[in-house]
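Residue numbers (our numbering): 168 to 485. Here a beta-carbon is modelled for each residue, glycine too, at the ideal position from N, C-alpha and C. These numbers were taken from a predicted model, which means no experiment stands behind them.
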């Protein structure tokens, strides 16, 4: 199989000749936008020889809606309107993706990171503002998330239909055990999570769901159990749920992950022999069907490319 065939086989729950894999990190500020960002993604892909590209949305974490930027009272959220598909927030991300897809010229699959609506809200404001608004008027926040979902769908459409991405890497967050009950999350957050994800699934059958554990806090992963995606990536080491257990939990869907993204993990801290050993053990445990090697979340920016090459070389030898 070539890289694209291998990844699509894994996402379609078929056995691949080798287990594919990829890893990603947040680029420094000077590489977060424009051609510098495109070049940085392509250099990392070529330096590691990984099986697919996951494009970071660096430079576009917040949602630059004037209402959120100038909000003084939660009631103002009812005045929010979508940015629209022509806004530079959407167009510039689509053009980034288009340039990367064009450069690899069908050699590998390309996915683009898209945040869920409540995360867009929080990234533009703050954790504190998000929670204060929810406490003051949850319906206003739900209204705002509905508006954000419209723009997220416009972004997804541009990424898949115009830029040529094979799918999105959809990042769901905000389900920490201390933040909401499962019932609160399903009422406040899930409808808008699913609105965007379901729309993406109507455009591509190869979307990846990322159940984000970036902060090291356990999530109520059960709130995401019925989210539909080709493959699921969750924080194995944060949630204490290994790949076989997680695959069973998520209904047998393909899994992406298996390696700790933190500096204390094998991928970052150990030598070549230990990294290769960890990869062999993972593949022996998980098999070659419906499994893609990756990390719990974004890896440290100073992780050497050779560590990733060791992972992929070992996988390709099995």
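Counting the other Cβ atoms within 10 Å of the Cβ of residue 427 gives 16 or more, which makes it buried. Nearest to residue 394 by alpha-carbon distance, out of 374, 187, 411 and 439, is 374. In terms of Cβ geometry, residue 219 and residue 312 do not form a close pair [threshold 7 angstroms]. Looking at the DSSP output, residue 459 shares a beta bridge with 423. Taking C-alpha positions only, residue 470 is separated from residue 304 by approximately 43 angstroms. Between residue 252 and residue 319, the C-beta spacing is not below 7 angstroms. Residue 376 sits in a strand when the DSSP states are folded into three classes. Taking all protein chains in view, the Cβ of residue 481 is crowded by 16 or more other Cβ atoms within 10 Å, so the residue is classified as buried. Of 425, 297, 292 and 202, the smallest CA-CA separation from residue 267 is found for 202. Counting the other Cβ atoms within 10 Å of the Cβ of residue 246 gives fewer than 16, which makes it exposed. DSSP places residue 309 within a helical segment (H, G or I) once states are collapsed to three. Between residue 206 and residue 472, the gap from beta carbon to beta carbon reaches 7 angstroms or more.
If one requires a minimum length of 4 residues, the alpha helix (DSSP H) runs lying completely within the segment 264–312 are 284–291 and 294–303, in chain order.
When secondary structure is reduced to three states using DSSP, residue 396 falls in the coil class, being assigned neither helix nor strand. Between residue 256 and residue 338 a beta carbon distance of about 17 angstroms is seen, past the 8 angstroms cut, so the two are scored as non-contacting. The Cβ neighbour count for residue 362, taken over all protein chains shown within 10 Å, is at least 16; the residue is labelled buried.
Secondary structure at residue 386: strand, using DSSP grouped into helix, strand and coil.
Distance check between residue 229 and each of 254, 198 and 286 places 286 closest, using alpha-carbon atoms only. Beta-bridge pairing by DSSP links residue 222 to 279. With 16 or more other Cβ atoms inside 10 Å of its own Cβ, residue 421 counts as buried. Within the same chain, 222, 264, 326, 332 and 335 come within 6 angstroms of residue 279 by CB-CB distance, once the 5 residues on both sides are set aside.
DSSP places residue 204 in the uninterrupted alpha helix (DSSP H) bounded by 201–215. Straight across, the Cα-Cα distance linking residue 199 with residue 227 is about 9 angstroms. Here residue 180 is near residue 457, since their CB atoms are less than 7 angstroms apart.
When secondary structure is reduced to three states using DSSP, residue 451 falls in the helix class. Comparing C-alpha distances from residue 425 to each of 284, 366, 410 and 329 shows the shortest one belongs to 410. Annotation for residue 450: 186, 482 and 485 place their beta carbon closer than 7 angstroms to its own, counting only its chain and skipping 5 residues before and after. Restricting attention to 379, 328, 368 and 359, the CA atom closest to the CA of residue 343 is found in 379. The C-beta distance from residue 423 to residue 454 rounds to 14 angstroms, too long to meet the 8 angstroms contact threshold.
Cβ atoms of residue 465 and residue 192 come within 8 angstroms of each other, at about 5 angstroms.
Within the same chain, and ignoring the five residues on either side of residue 406 in sequence, the residues whose Cβ sits closer than 7 angstroms to its Cβ are 380, 385, 386 and 388.
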